[in-house]
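First the structure, in the form of structure tokens, and then the observations on it.
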Amino acid sequence: MALQPTYEDVNLILRLYELRRDEKMREARAWFATMYKPVSTVEEFNRMCPPGSSQNASFRMITSYWEMVASFITGGVLHAELFYQSGGELLLTWEKIRDLVPVLRAARKNQRLYGNLEKVAKQMAEYLNRESPESYDVFAEMVRNMAR
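First residue of the sequence shown? That's 1469 in the numbering used here, and the numbers climb one at a time after it.
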């Protein structure tokens, strides 16, 4: 990864933002941010997001989008710290699914499921707490409380 962000990094971040403005993506994001409650079992997940439902489609749209974005960072294509400065929605997504991920990995026999998202979220949390101590911890608690 380049030491300094490049104009290509900026353009990729802007393009990723544009993709988030797609109408279906906006609907999925609104549902995920306000209606999706963190769960920790496959049974709870299937009740909240039944296979074939719009909720399931929204969940998959959001999580696959942020997994893709995270893969750009882990792959060295996107400057991590530049992204961290405006990519808070990735952390919201991770906080909402982090308890579910281990059971989904086991159920699907896929230990790499959401691996990029997990890695980038952890790095971003460290970055935020380094730049502003305890800021990620406060953010994570806020997300957990929103879900109640």
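Backbone N, C-alpha and C define an ideal beta-carbon position, used for all residues, glycine too.
Since the model is a prediction, treat every value here as computed from it, not as a measurement.
**OP:** Work out the CA separation of Gly-1555 and Thr-1474 for me, nearest whole Å.
**Re:** The sequence position of residue 1474 within the sequence shown is 6, counting from 1. The sequence position of residue 1555 within the sequence shown is 87, counting from 1. Those two C-alpha atoms are separated by around 17 Å.
Original post:
From this set, Leu-1559, Ser-1532, Glu-1535, which residue's C-alpha is nearest Ala-1593's C-alpha?
Top reply: The count along the sequence shown starts at 1 and reaches residue 1593 at position 125. Considering only alpha carbons, the answer is Leu-1559.
**OP:** Could you have a look at Met-1503 and say whether DSSP puts it in helix, strand or coil?
**Re:** As a first step, residue 1503 must be located in the sequence shown, where it is residue number 35. Three-state DSSP puts Met-1503 in coil, outside helix and strand.
**OP:** Could you spell out the range, first to last residue, of the alpha helix (DSSP H) harbouring Asp-1477?
**Re:** Within the sequence shown, residue 1477 is the residue found at index 9, counting from 1. From DSSP, the alpha helix (DSSP H) with Asp-1477 extends over 1475-1488.
Subject >> Straight-line gap, Asp-1477 to Thr-1542 (C-alpha atoms, nearest Å) >> reply: Within the sequence shown, numbered from 1, the residue matching residue 1477 stands at position 9. Within the sequence shown, numbered from 1, the residue matching residue 1542 stands at position 74. Their Cα atoms are separated by approximately 14 Å.
**OP:** Using the Cα positions of Ala-1513 and Gly-1520, report the straight-line distance between them to the nearest angstrom.
**Re:** Taking the sequence shown and counting its residues from 1, one reaches residue 1513 at position 45. Taking the sequence shown and counting its residues from 1, one reaches residue 1520 at position 52. The sequence as given places Phe at residue 1513; Ala does not occur at that position. Their backbone Cα atoms lie some 13 Å apart in a straight line.
Original post:
Just reading off the alpha helix (DSSP H) that Tyr-1595 is part of, what are its end residues?
Top reply: Stepping through the sequence shown from its first residue, residue 1595 is reached at position 127. 1583-1599 is the extent of the alpha helix (DSSP H) around Tyr-1595.
Original post:
Around the C-beta of Ala-1580, are 16 or more other C-beta atoms found within 10 angstroms, so that it is buried, or is it exposed?
Top reply: Position 112 of the sequence shown, counted from the first residue, corresponds to residue 1580. This sequence places Arg at residue 1580; Ala is not what is there. By the neighbour-count rule (16 or more Cβ atoms within 10 Å), Arg-1580 is not buried but exposed.
Original post:
Going straight from the alpha carbon of Val-1611 to that of Thr-1561, what length do you get?
Top reply: Translated into the one-based positions of the sequence shown, residue 1611 becomes position 143. Translated into the one-based positions of the sequence shown, residue 1561 becomes position 93. Cα to Cα, the separation comes out at about 9 Å.
**OP:** With DSSP as the reference, label Glu-1512 as helix, strand or coil.
**Re:** Numbered from its first residue, the sequence shown carries residue 1512 at position 44. In the structure shown, Glu-1512 sits in a helix (DSSP, three-state: H, G or I).
**OP:** With a 10 Å radius around its C-beta and 16 neighbouring C-beta atoms as the bar for buried, classify Thr-1502 as buried or exposed.
**Re:** Against the sequence shown, residue 1502 aligns to sequence position 34. So Thr-1502 ends up on the exposed side.
Original post:
DSSP on Glu-1602, reduced to helix/strand/coil?
Top reply: If you number the sequence shown from 1, residue 1602 lands on position 134. Looking at Glu-1602 - three-state DSSP - the assignment turns out to be coil, as it is neither helix nor strand.
**OP:** Say whether chain D places a C-beta atom closer than 8 Å to the C-beta of Lys-1564.
**Re:** Absent from the structure: chain D. Only one protein chain is present.
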